[in-house]
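Residue numbers (our numbering): 215 to 305.
Take a look at the structure:
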């Protein structure tokens, strides 16, 4: 069932939606909006991206200290590479 409603878009969002319609990627601006909503629903992204990033940072900070990768000196990339090789070797 389709319900008619009115929404407000920023000028940038409207221009982008119009461009997608003009290029034939979507038949109407409504279908552009619907596609975006469908993607969010499929991804289960009811939470804003910044909160998701904060949650992931907090999760990683709960890891034991020996699982952290040191960022001191200029050895960070070497340490990461060694860590990856160790994980790959364990299979």
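Cβ atoms here follow ideal geometry from the backbone N, Cα and C, with glycine treated the same way.
Spatial neighbours of residue i within its chain, please: C-beta separation below 8 Å, excluding the five flanking residues on both sides.
i	result
residue 297	283
residue 293	283, 284
Under a three-way DSSP split, which group does residue i fall into?
i	result
residue 275	helix
residue 249	helix
residue 217	coil
residue 284	coil
residue 241	coil
From this set, the options, which residue's C-alpha is nearest residue i's C-alpha?
i	options	result
residue 218	238, 231, 243, 279	243
Let's see if you can read the secondary structure: which residues bound the alpha helix (DSSP H) around residue i?
i	result
residue 234	225-236
residue 297	290-304
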